[in-house]
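Report on one structure; see the data block that follows.
Number of protein chains: 2
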Amino acid sequence: MLISEQALRQFTYNIFLAIGCSEAHAHLSADVLLRSDMRGIDSHGVARLSGYVRLWEKGRINPKPNIRIVHQTPTTATVDGDAGLGLVVAPFAMQVAIGMAKTYGSGWVSVRNSNHFGIAGYHALMAVEQDMIGFAMTNASPLVAPTFSNERMLGTNPMCYAFPAGKYPPMVVDMATSAAANGKLEIAQRKGAPVPEGWLQDAQGNYTTDPHALKTGGSLLPLGSDREHGSHKGFGLSATVDILSAVLSGANYGPWVPPFVAFLDPPADPVGQGIGHFLGAMRVDGFRPVQDFKDSLDNWISRFKSAQTIDPEQKVIIPGEPELEAELDRRMNGIPLVDAVVKDLNELAVRFGVEGISPA
Amino acid sequence: MLISEQALRQFTYNIFLAIGCSEAHAHLSADVLLRSDMRGIDSHGVARLSGYVRLWEKGRINPKPNIRIVHQTPTTATVDGDAGLGLVVAPFAMQVAIGMAKTYGSGWVSVRNSNHFGIAGYHALMAVEQDMIGFAMTNASPLVAPTFSNERMLGTNPMCYAFPAGKYPPMVVDMATSAAANGKLEIAQRKGAPVPEGWLQDAQGNYTTDPHALKTGGSLLPLGSDREHGSHKGFGLSATVDILSAVLSGANYGPWVPPFVAFLDPPADPVGQGIGHFLGAMRVDGFRPVQDFKDSLDNWISRFKSAQTIDPEQKVIIPGEPELEAELDRRMNGIPLVDAVVKDLNELAVRFGVEGISPA
Numbered sequence: 002m003l004i005s006e007q008a009l010r011q012f013t014y015n016i017f018l019a020i021g022c023s024e025a026h027a028h029l030s031a032d033v034l035l036r037s038d039m040r041g042i043d044s045h046g047v048a049r050l051s052g053y054v055r056l057w058e059k060g061r062i063n064p065k066p067n068i069r070i071v072h073q074t075p076t077t078a079t080v081d082g083d084a085g086l087g088l089v090v091a092p093f094a095m096q097v098a099i100g101m102a103k104t105y106g107s108g109w110v111s112v113r114n115s116n117h118f119g120i121a122g123y124h125a126l127m128a129v130e131q132d133m134i135g136f137a138m139t140n141a142s143p144l145v146a147p148t149f150s151n152e153r154m155l156g157t158n159p160m161c162y163a164f165p166a167g168k169y170p171p172m173v174v175d176m177a178t179s180a181a182a183n184g185k186l187e188i189a190q191r192k193g194a195p196v197p198e199g200w201l202q203d204a205q206g207n208y209t210t211d212p213h214a215l216k217t218g219g220s221l222l223p224l225g226s227d228r229e230h231g232s233h234k235g236f237g238l239s240a241t242v243d244i245l246s247a248v249l250s251g252a253n254y255g256p257w258v259p260p261f262v263a264f265l266d267p268p269a270d271p272v273g274q275g276i277g278h279f280l281g282a283m284r285v286d287g288f289r290p291v292q293d294f295k296d297s298l299d300n301w302i303s304r305f306k307s308a309q310t311i312d313p314e315q316k317v318i319i320p321g322e323p324e325l326e327a328e329l330d331r332r333m334n335g336i337p338l339v340d341a342v343v344k345d346l347n348e349l350a351v352r353f354g355v356e357g358i359s360p361a
Numbered sequence: 002m003l004i005s006e007q008a009l010r011q012f013t014y015n016i017f018l019a020i021g022c023s024e025a026h027a028h029l030s031a032d033v034l035l036r037s038d039m040r041g042i043d044s045h046g047v048a049r050l051s052g053y054v055r056l057w058e059k060g061r062i063n064p065k066p067n068i069r070i071v072h073q074t075p076t077t078a079t080v081d082g083d084a085g086l087g088l089v090v091a092p093f094a095m096q097v098a099i100g101m102a103k104t105y106g107s108g109w110v111s112v113r114n115s116n117h118f119g120i121a122g123y124h125a126l127m128a129v130e131q132d133m134i135g136f137a138m139t140n141a142s143p144l145v146a147p148t149f150s151n152e153r154m155l156g157t158n159p160m161c162y163a164f165p166a167g168k169y170p171p172m173v174v175d176m177a178t179s180a181a182a183n184g185k186l187e188i189a190q191r192k193g194a195p196v197p198e199g200w201l202q203d204a205q206g207n208y209t210t211d212p213h214a215l216k217t218g219g220s221l222l223p224l225g226s227d228r229e230h231g232s233h234k235g236f237g238l239s240a241t242v243d244i245l246s247a248v249l250s251g252a253n254y255g256p257w258v259p260p261f262v263a264f265l266d267p268p269a270d271p272v273g274q275g276i277g278h279f280l281g282a283m284r285v286d287g288f289r290p291v292q293d294f295k296d297s298l299d300n301w302i303s304r305f306k307s308a309q310t311i312d313p314e315q316k317v318i319i320p321g322e323p324e325l326e327a328e329l330d331r332r333m334n335g336i337p338l339v340d341a342v343v344k345d346l347n348e349l350a351v352r353f354g355v356e357g358i359s360p361a
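Chains as they are written, first to last, in the working numbering: chain A, 2 to 361; chain B, 2 to 361.
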């Protein structure tokens, strides 16, 4: 089913209002989820809406959080999200970072006591709109095993770096630090299709192509897949995200990160509060004039777009290009939703007495 | 041959003096190279000394650079290395970053007009000594092809993140963003051994296990090896390093980065000056009390060290552990040098009239 951005945005806003969010928070939360759907990252958009609602039902999401700075210097701060939606906590923290960067050149915020923040790219792009370089990371429910281990110790812990360009759209590197993101796994699960070797291992630590292996004690592998191909690097990156997001802020880290799914309880022995994020902003003109930077980045992008390729039909893809293409397509044609998501959303509609969704 | 740290340090210092470095710069440059040899990263230590000398002969390294800040805000700066050794330019830039962090919480420096800076870990650890988190990146001679390309467009562009721990040594994530670092390739070349599929492709873009493939138009692959296993993520990380180090500072980027080997001329149409680095420092107590952070990081490390493993004999390795083990071993037993390096160094000794090296 195809649905218009506007209709899906209104529906999502209504649901967030229904669970007790303020109008401003409902608006912002809907904006973060819709941006994900518009950018083609279907796993992080409205497909997760019922997941947030279930966490709220369990009392694990506070719809009226008192988000506040608990520690700071001129360019660093720790924010306590008061168990709010990460969808509003992370933008708050990024605004703090941007404000510090305006005055001092850069700003860095570590966040504790938050929840899932949607796509990292949304937050990093807030900085880009101010001609700043944006950084966004978060830890997440443990699904990934370190190199040599078969225990789920880390989330897919994404890192995002976003840069303002001139004639080109912003360049956005937004990536899970695991070999494959959860979203790709979910697609394979729906299709019942095997996944490539190197994405997953079973409970014993053997490669498996079964997309359902996580249900039987399996784990995702770090970027690099095995030691010989650099999985210790993927592990190192994921560890970096975990430390900057949670060890630095006082959130839960590693295997103590509370699960996103409401049917699993958080660990009984937390080492911190909620999940953690790390956001940063640096003024481009803190280093060189903005136009010089944009001209150089445009030249960088042009050169890489015209790099020699193995298959003449398959050009080099600049980080962020696929998301941009999705956005142009969906603006024109609407957002495709799979049946399971439509059903899920219409159940929410009935439950909260808001208007359901229908095709564009 | 095994040589003592002290003897190799004195020898290296003498060579840097002989090419015209100040005593302070010779001391610092020797310290950076020796730290690499001590940490077991043999490819980045004295094995490269004759390479630096050859660049100096070609006039591409200025032994008496006027390293200076050319642009700044309270927490950001651009440094011009004046074509000096990266071994002195990067520590200068990191001192600038640390100084800003002392006053404002964080400091970020992009560097242009520099040369190879040795191991990233050296620079990042300077921040750790001040109870700060250290960041160090550099771009490098193009050897790596982006996903879908068979053209060398990027260096092995390392990223390093270093964190102060309490009872444990600092945690250091120091990694090339390619599937395999150049050093690993050099080991295979010396042994004449094939390398794993996924490290290299030949000129046509087919996987090859020939460790000499770079000599016949081949290229290294980004971390992830192929698109299915996330090579676009390795490409994205490498691009991030290139942009922060060079597009932001005004250094050469992408395929324009001058080669480290002196027998290859730099591109005739430079887009910037020299190579670029990016260094950063954040005060831990800009986020939470230092002891709280160290206690949590110790707990993180303990938990990951005791993660369940696939093979009971092979524990999880914490990032930075292998380098630390090498350092303890080499402090005790001396630094092992392969014959080719000993020969190389003794040729330098004869040429500059300094005392050669001999076994410990």
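Note that CB positions come from ideal geometry on N, CA and C, so glycine has one too.
- When only Cα atoms are considered, A/Asp211 and A/Ala194 end up about 8 Å apart.
- At least one CB atom of chain B sits nearer than 7 Å to the CB of A/Leu249.
- Each residue's CA atom was taken as its position, placing A/Lys168 and A/Asp299 some 7 Å apart.
- A direct Cα-Cα distance of roughly 14 Å separates A/Pro75 from A/Ala94.
- Residue-level contact check: B/Leu298 touches chain A, since one or more beta carbons of chain A fall below 7 Å from its beta carbon.
- Distance from the CA of A/Arg61 to the CA of A/Gly184, rounded to the nearest whole angstrom, comes to 23 Å.
- By DSSP's assignment, B/Ser5 forms no beta bridge with any residue.
- Flagged as an interface residue toward chain B: A/Pro75, by a C-beta distance shorter than 7 Å.
- Assigned with DSSP and collapsed to three states, A/His72 falls in strand.
- Taking the Cα positions, A/Asn207 is about 30 Å away from B/Ser239.
- Interface criterion met: the Cβ of B/Ser111 is under 7 Å from a Cβ in chain A.
- For B/Leu126, the CB contacts under 8 Å within the same chain, skipping 5 residues up- and downstream, are Gly135, Ala163, Pro171, Val173 in chain order.
- Between B/Ala98 and B/Val342 a beta carbon distance of about 33 Å is seen, past the 8 Å cut, so the two are scored as non-contacting.
- Its chain contains Leu34, Ser37, Asp38 as the residues whose beta carbon lies nearer than 6 Å to that of A/Gly46, once the 5 sequence neighbours on both sides are disregarded; these appear in chain order.
- Within chain A, the residues placing a beta-carbon under 7 Å from that of B/His72 are Phe288, Arg289, ordered along the chain.
- The segment 139 to 200 of chain A contains, as complete beta strand (DSSP E) runs of 3+ residues, the segments 160 to 164, 172 to 176 (chain order).
- At a cut-off of 7 Å between beta-carbon atoms, A/His230 makes contact with chain B.
- Secondary-structure assignment with DSSP links B/Ser115 through a beta bridge to B/Ile276.
- Residues of the segment 127 to 154 of chain B with a C-beta less than 9 Å from any C-beta of chain A: Ile134, Ala146, Pro147, Thr148, Phe149, Ser150, Asn151, Glu152, Met154, listed in chain order.
- The beta-carbon distance between A/Thr310 and B/Ser150, rounded to whole angstroms, is 5 Å. This is short enough to meet the 8 Å contact definition.
- A/Lys234 reaches chain B at Met176, Leu224, counting residues in chain order whose Cβ is nearer than 7 Å.
- For B/Thr157, not one C-beta of chain A is nearer than 7 Å to its own C-beta.
- If you draw a straight line from the Cα of B/Ala181 to the Cα of A/Glu58, it is about 47 Å long.
- For the options A/Asn63, A/His213, A/Gly100, A/Gly251, the alpha carbon positioned closest to that of A/Gly85 is the one of A/Asn63.
- Under the criterion of beta carbons closer than 8 Å, B/Met160 and B/Met138 qualify as touching, at roughly 5 Å.
- Beyond the five residues adjoining it in sequence on each side, A/Val285 comes within less than 7 Å, by CB distance, of Asp132, Met133, Ile134, Pro165, Val291, Phe294 in the same chain, given in chain order.
- Leaving aside the five residues that flank B/Gly219 on each side, the residues in its chain whose CB is nearer than 7 Å to its CB run, in chain order, Leu201, Gln202, Asp203, Ala204, Thr209.
- Taking a C-beta cut-off of 8 Å against chain A, the contacting residues of the segment 299 to 314 of chain B are Asn300, Trp301, Arg304, Phe305, Ala308, Gln309, Thr310, Ile311, Asp312, listed in chain order.
- DSSP places B/Ala78 in the uninterrupted beta strand (DSSP E) bounded by 77 to 81.
- Cα atoms of A/Pro260 and A/Tyr53: separation of roughly 12 Å, rounded to the nearest angstrom.
- By the Cβ test, the segment 245 to 252 of chain B is in contact with the segment 260 to 274 of chain B, since at least three Cβ pairs between them sit closer than 8 Å.
- Taking 8 Å as the upper bound for CB-CB distance, B/Leu3 and B/Gly281 are not in contact here, some 37 Å apart.
- Across the set B/Glu187, B/Gly321, B/Lys316, the C-alpha of B/Glu187 shows the shortest separation from the C-alpha of B/Lys216.
- For A/Pro323, the enclosing alpha helix (DSSP H) begins and ends at 322 to 334.
- For the C-beta of B/Gly255, the chain A residues within less than 8 Å are, from N- to C-terminus, Trp301, Arg304, Phe305.
- For A/Phe305, the uninterrupted alpha helix (DSSP H) segment begins and ends at 291 to 306.
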